[in-house]
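Chains as they are written, first to last, in UniProt numbering: chain A, 1 to 489; chain B, 1 to 489; chain C, 1 to 489.
Report on one structure; see the data block that follows.
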């Protein structure tokens with residue numbers, strides 16, 4: 001839908017009020033950080049919204065009540081202000097005499113919340129819908145699913161798209177296509193062409209700041225075996241303090257600056273989005289992130305943009321900003337040391353397992369020892385579990401200090417997946433290749449594996465660990481025991 | 001135990017009060033929906049309960065305090081009113097001069113809460129104890145366990161029975177058999193012959209409505225790898241709103257009608273049990289459920305009853321009632337579209353994986369390519385994981401809109417289980433059969449698998465996907481990229 | 001760092017106040033249970049702490065605010081009182097004219113909290129750092145990791161050590177070694193030689209009792225696939241009541257005696273640490289535990305000490321104390337029966353799976369059918385998953401009444417791991433051994449497996465279940481069905 005501004009007549013009626021309001025608010029508003037446009041164009045709820053409400057408060061009383069608690073209510077922003085449509089909007093419907101759109105898109109919200117939408121639109125979140133043309137789509141459409149739900153796969157509709165966003169379609173009769181809606185995926189592609197769904201995080205119709213700031217909001221998508229950020233947070237000391245002290249955290253305060261308005265604990269929002277004494281709120285969630293922990297091999301978050309010559313905020317600047325958040329509670333030396341620990345885990349994962357795993361998959365593909373089809377061979381699942389599930393868990397655990405995710409949900413499972421599944425499956429493929437006469441291909445692939453397994457960090461597995469390494473380890477253990485365990489042995 | 005009513009003398013003393021109370025309450029009480037019998041037979045706590053309390057408030061002070069906060073306290077329902085027994089009750093014990101039963105059964109509760117017990121008794125919950133004579137019993141008694149705990153399996157005692165319910169036995173000395181009690185399984189079979197344990201959901205001794213209405217109450221059993229309803233709820237937008245706004249949800253209100261008394265979020269109880277403006281409270285939790293998501297192949301919830309000619313509420317009527325709950329917050333088009341999405345996921349799972357998997361297991365059994373014993377062969381575990389764990393997770397995720405459960409905990413794992421474990425294990429069995437000379441059996445079984453894998457939805461796996469299908473997919477992806485990704489490529 | 005007491009001059013100034021305070025508190029303080037030393041040596045915050053605060057309240061405002069809510073603030077215990085150091089402390093740094101240590105160790109805390117530190121030091125928690133010279137170290141340093149982070153493994157640094165504790169090192173420049181700090185592992189080995197980290201549970205700088213008493217505090221480490229105590233608690237009726245009634249639990253009361261100050265639910269602290277009407281608070285968390293559920297084969301918690309002639313509190317006395325906690329809410333017969341159920345599950349796991357599994361691994365090692373290296377062969381992972389992950393889950397589930405952890409996360413997975421993975425892998429090793437000419441070794445190993453599988457509890461798997469056993473089971477099932485299911489069949 002499109003925000004259709006009020007009729008000129010009604011608009012001029014309220015212009016004076018609006019301008020006065022703007023002028024009154026100016027002194028308190030930083031020019032550098034405009035907030036949602038404060039416009040109070042109505043003395044009272046619009047006649048249109050009153051008509052909507054008269055009926056819907058009977059039909060859907062909870063929506064009405066939620067809205068009644070919202071800031072929108074206080075600002076006389078009612079049903080019609082958000083849901084009005086232009087008759088030529090693709091999803092406009094004629095409803096009780098009004099042109100209405102069911103979907104309120106970021107374009108609509110931007111009428112008042114322009115800065116938030118602009119920030120969001122520049123973020124990685126806004127690209128979440130690109131999955132519709134990606135590998136994961138193959139998983140959901142072909143491997144797990146079938147195009148049996150009006151030409152779409154129900155696995156995508158109920159799964160992927162609910163986080164990533166659907167491409168919302170309007171049926172010929174004006175209804176929203178049930179394969180594409182309801183959908184609150186953060187990268188949703190709306191009928192009006194805009195991208196995103198503010199309601200992914202700001203649940204309608206109260207649009208409560210408490211809700212958006214709590215960790216569960218992000219946990220709508222950021223949880224589970226492949227990106228357990230919510231679980232990681234809950235294990236961390238940050239999460240522990242949150243649950244103990246949430247009542248003291250001023251969660252519903254408009255101004256919510258860490259170190260000023262609250263201090264007991266950070267939520268996801270605190271670190272990734274909310275204001276510090278020096279930093280403004282941002283709706284670009286990657287703004288303070290230095291690594292991307294998503295792909296098989298992690299790289300600094302600006303690497304891709306830099307490589308393609310695209311202007312972007314450097315990872316160093318992003319990290320500086322994140323450290324600014326940390327500093328509310330932690331001293332510099334602790335923060336710096338933490339980042340050394342975190343970086344080292346990402347690099348360990350990258351170097352010991354991710355790059356080798358990727359090289360193994362690449363040589364199999366190059367040597368045509370795998371079919372062209374993804375996920376029809378066991379080693380493809382093995383590798384996917386390693387990086388997409390377990391390797392991410394380890395990295396996320398280190399990023400947010402949840403040791404169980406680094407270890408038992410993470411590196412322990414990565415190691416088992418690599419040594420006990422991936423290497424044997426790789427060798428089995430080579431044996432079959434040799435048996436099938438593809439000796440040269442097998443030899444070249446075996447050379448890749450041999451080079452990997454001969455590295456010092458893998459020597460233990462092949463039984464080639466040098467004696468001096470074993471001895472040094474033994475001595476370190478004995479020395480430790482001598483120092484600390486004499487009385488308990 | 002049996003509720004023994006008061007002595008005639010004491011009863012008549014209070015008859016006038018009781019009748020007056022009933023009459024006073026009549027205008028506010030709907031005849032169609034009787035609540036717990038409101039009887040205030042005592043001016044004060046009975047002498048018997050006073051004696052119980054005098055001692056137990058010292059010995060078990062927290063029970064006493066919990067009861068002190070309960071509605072029971074306010075209604076002068078004390079220890080003795082619930083725990084009194086007839087001397088010939090199977091579990092009656094003589095205790096400090098009173099006939100007492102430790103277990104308060106639904107039969108006892110029904111003295112006041114007759115409607116709730118009647119509804120419960122007609123529900124699927126009341127049949128939970130039937131597992132004692134089922135396959136899961138074989139798992140717990142034979143595969144996982146052994147009959148070494150006074151003739152019972154500790155795996156059943158500490159596991160299955162704690163949710164499903166034990167068949168409570170009284171030892172010769174009058175004590176409750178430790179293999180069967182403590183037990184609060186919802187389908188518990190009590191010494192008095194009644195079925196159920198109200199305390200499964202209404203934890204003693206406060207019997208707080210807040211506790212029973214919270215999602216954790218249901219999470220006593222409905223969680224974990226095989227039926228993660230609690231986790232699914234927590235991921236859903238319903239759960240997100242619950243945790244953000246529980247303080248505004250009036251959780252301890254006697255009247256708790258969605259859209260009247262609260263609106264921020266539904267809990268499990270809201271959708272499955274509690275009142276709407278049109279529907280009464282029900283203790284038959286299946287009353288608004290249209291699919292059964294429990295078995296290997298989902299069917300509509302009335303299918304079994306219909307097939308056996310049993311009168312039952314149709315799935316359509318149940319769905320209509322559930323939609324009535326949804327309507328408090330959602331409009332009709334959204335609800336209808338949601339149900340299309342949900343249905344389509346169940347059907348996808350059924351058609352692509354569940355029916356084929358079942359057919360594969362059936363032909364192996366029929367052709368005697370499996371032993372008669374369950375769970376002694378790998379493919380039996382594989383199939384069980386597929387439907388009982390992963391397939392349910394996908395279905396539950398779709399039912400309550402938790403995309404991670406549909407996808408990463410669900411269909412992704414279903415697909416891997418099917419293609420990478422079940423199909424190869426099936427083929428290995430056939431190879432062994434051929435090797436053992438059972439050529440005909442193997443041929444017939446192979447025909448079943450071939451027919452399955454030749455279906456369009458499985459053609460990708462065998463490399464037989466038609467070129468036009470691949471091409472159409474490629475074109476759709478390219479078109480998507482052209483529409484949306486030009487600037488980001 | 002070392003607590004440096006105040007200068008003699010300032011000390012004498014406050015001696016009178018201190019002595020008066022001590023005398024005043026004497027009547028209310030049990031000599032048998034000294035609490036944290038109540039000393040109020042300052043009329044106001046020390047000059048040193050004032051100087052610290054003047055700067056840090058700007059730099060790290062949240063620390064300042066957290067401390068402002070703490071009891072420390074009320075007792076005039078400021079930054080300097082805890083962070084002061086002697087110039088010769090290994091981790092002392094010169095900071096703005098003061099000798100400061102970043103780490104506040106149990107030794108420092110013991111200046112006021114001597115009893116708590118003494119109890120902690122005698123506990124199993126204090127030994128958590130011994131892992132640094134153990135098998136898990138091999139996992140993190142060699143299998144999962146590599147010594148690439150300044151000679152340490154990032155898997156240990158970010159994983160193991162964050163729960164178990166690092167051996168904190170000071171670099172030559174006086175900084176804390178980033179491989180070893182930040183670290184709040186409970187068995188941390190501090191620069192001053194003391195062991196432990198009070199902040200593992202008492203998060204700085206508020207040191208809130210609410211936080212330490214909540215289950216999330218313990219969930220910093222006690223969660224996940226290998227020791228899901230937090231998840232187990234959350235499923236249990238104890239956890240259900242906690243989340244429903246936490247607001248009534250007086251969580252911030254200094255005196256927090258179950259049955260006096262609260263009664264709605266126990267938290268981890270209630271059962272393992274906090275006071276009952278008869279028992280004092282303890283910081284030795286094993287004090288009321290009767291089984292150790294950690295090792296492959298569970299034994300009574302005093303078994304090792306007894307075997308080595310070490311004086312220790314017997315498991316019976318520990319259980320008696322735990323029962324004293326239970327009694328606040330439960331009657332004796334329920335508690336006793338519960339312990340029978342719990343014990344029987346541990347014994348089932350021990351006898352049916354753990355001892356056999358261990359015997360199988362031992363014979364493989366003895367017969368040199370495994371390499372000397374751990375975790376380079378699949379069966380080593382299989383066995384580790386069985387006891388370290390799944391077997392613990394089952395035992396923990398039984399210990400705290402979470403049936404899903406006993407069954408689906410526990411015994412079900414134990415059984416599958418044993419029959420479908422461990423036994424076949426064992427047999428494969430024997431086949432390979434025979435193929436390699438190690439016939440005698442294979443024969444001896446096979447004898448061990450045969451003996452195990454011929455036991456009655458495994459006979460079902462080999463198809464040797466006696467007919468009378470099958471028949472008895474069938475009859476029991478039929479009898480059950482006759483009793484209860486006639487109308488539903």
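All C-beta atoms in this analysis are idealised placements derived from N, C-alpha and C, irrespective of residue type, glycine included.
Worksheet item: If you measure from the beta carbon of residue 303(A) to each beta carbon in chain C, is any gap under 7 Å?
Response: no
Discussion item. Taking the alpha carbon of residue 216(C) as the reference point, which residue from 203(C), 226(C) and 83(C) has its own alpha carbon closest?
Written reply: 203(C)
Practice prompt. Just the C-alpha distance for residue 155(C) and residue 145(C), rounded to the nearest angstrom, thanks.
Written response: 6 Å
Item to complete: Have a look at residue 483(A) and residue 193(C) and give me their C-alpha separation to the nearest angstrom.
Response: 10 Å
Fill in: Cutoff 7 Å; reference residue 314(C); Cβ partners in own chain excluding five residues on either side
302
Worksheet item: Contact check, residue 530(B) vs residue 139(C) under 8 Å by CB: the rounded distance?
Response: One cannot answer for residue 530(B) here, as it falls past the ends of chain B, which runs 1 to 489.
Worksheet item: So, does the CB of residue 210(C) fall closer than 7 Å to a CB anywhere in chain A?
Response: yes
Worksheet entry | Cβ pair residue 457(A), residue 352(A) closer than 7 Å | Yes; because the gap between Cβ atoms is below 7 Å, this pair is in contact.
Worksheet entry | Residues near residue 241(B) by beta carbon distance below 7 Å, same chain, minus five either side | 264 and 265
Worksheet entry | Rounded C-alpha distance that separates residue 323(B) from residue 284(A) | 37 Å
Discussion item. Between residue 23(B) and chain C, is any beta-carbon pair separated by less than 7 Å?
Written reply: Any reading at residue 23(B) must be qualified, since the residue scores a pLDDT of 45, below 50, and its modelled position is unreliable; the value itself is stated next. With 7 Å as the cut-off, residue 23(B) does not count as an interface residue toward chain C.
Worksheet item: Is it right to say residue 551(C) is buried, meaning 16 or more other beta carbons lie within 10 angstroms of its own, or is it exposed?
Response: There is simply no residue 551(C) to check, as chain C begins at 1 and stops at 489 in what is shown.
Item to complete: Taking only beta carbons into account, state which residues of the region 91 to 115 of chain C come closer than 8 Å to chain A, listed in chain order.
Response: 102
Discussion item. Excluding the 5 residues flanking residue 223(A) on each side, which residues of the same chain have their C-beta closer than 8 Å to its C-beta?
Written reply: 229, 230 and 231, listed in sequence order.
Worksheet item: With 7 Å set as the bound, which would you pick, yes or no: does the beta-carbon of residue 26(C) sit closer than that to a beta-carbon of chain A?
Response: Here residue 26(C) scores only 45 on pLDDT, less than 50, and its place in the model is too uncertain to base an answer on.
Worksheet item: What does a CB cutoff of less than 8 Å around residue 26(B) pick up in its chain, not counting 5 residues either side in sequence?
Response: Note on residue 26(B): pLDDT 45, under 50, position unreliable in the model; no value is reported.
Discussion item. Tell me whether the region 178 to 189 of chain C and the region 412 to 429 of chain A touch, counting them as touching only if at least three CB pairs, one residue from each stretch, are closer than 8 Å.
Written reply: no
Fill in: residue 329(C) at chain B interface by Cβ criterion, 7 Å
yes
Practice prompt. Compare the beta carbon distance of residue 262(C) and residue 273(C) with 7 Å and say whether it is the shorter of the two.
Written response: no
Worksheet item: residue 420(A) by DSSP, collapsed to three states: which one?
Response: helix
Worksheet item: Could one say the Cβ of residue 259(C) lies closer than 7 Å to chain B's Cβ atoms, at least one of them?
Response: yes
Discussion item. If contacts are defined as beta-carbon pairs under 8 Å, then residue 180(C) and residue 168(C) qualify, I think. What distance do you get, rounded to the angstrom?
Written reply: 5 Å
Worksheet item: Which whole-angstrom value is the C-beta distance of residue 445(C) and residue 386(C), which I expect to be below 8 Å?
Response: Not a contact, Cβ separation roughly 18 Å.
Discussion item. In the DSSP output, which residue or residues are listed as bridge partners for residue 149(C)?
Written reply: 152(C)
Worksheet item: Could you give the C-beta distance for residue 504(B) and residue 414(B), rounded to a whole number, given that I count them as a contact under 8 Å?
Response: Since the first residue shown for chain B is 1 and the last is 489, residue 504(B) is missing from the structure and cannot be characterised.
Discussion item. Strictly under 7 Å for the Cβ-Cβ distance: is residue 460(A) near chain C by that measure?
Written reply: yes
Worksheet entry | Distance between residue 126(A) and residue 84(A) (C-alpha atoms, nearest Å) | 24 Å
Discussion item. Taking 7 Å as the threshold (C-beta atoms), are residue 403(C) and residue 52(B) in contact?
Written reply: Cβ distance not < 7 Å, so residue 52(B) and residue 403(C) don't count as in contact.
Item to complete: State the Cα-Cα distance for the pair residue 369(A) and residue 376(C), rounded to the nearest angstrom.
Response: Within the model, the alpha-carbon separation for residue 369(A) versus residue 376(C) is close to 26 Å.
Worksheet item: Just curious, the alpha helix (DSSP H) that residue 471(C) is in, first and last residue?
Response: 467 to 484
Discussion item. Need the endpoints of the alpha helix (DSSP H) that residue 72(C) sits in, please.
Written reply: 71 to 74
Practice prompt. Provide the residue span of the beta strand (DSSP E) that contains residue 93(A), from first to last.
Written response: It spans 92 to 95 - the beta strand (DSSP E) in which residue 93(A) sits, taken as one unbroken run.
Worksheet entry | Within chain C, partners of residue 65(B) - CB distance below 8 Å | 259 and 263
Worksheet item: Measuring CA to CA, which of 359(C), 367(C), 290(C) and 306(C) is closest to residue 346(C)?
Response: 290(C)
Worksheet entry | Alpha-carbon to alpha-carbon, residue 256(A) and residue 279(A) | So the two alpha carbons sit approximately 12 Å from each other.
Practice prompt. Please list the segments of the alpha helix (DSSP H) lying wholly inside the region 432 to 458 of chain A, counting only runs of 4 or more residues, in order along the chain.
Written response: 439 to 453
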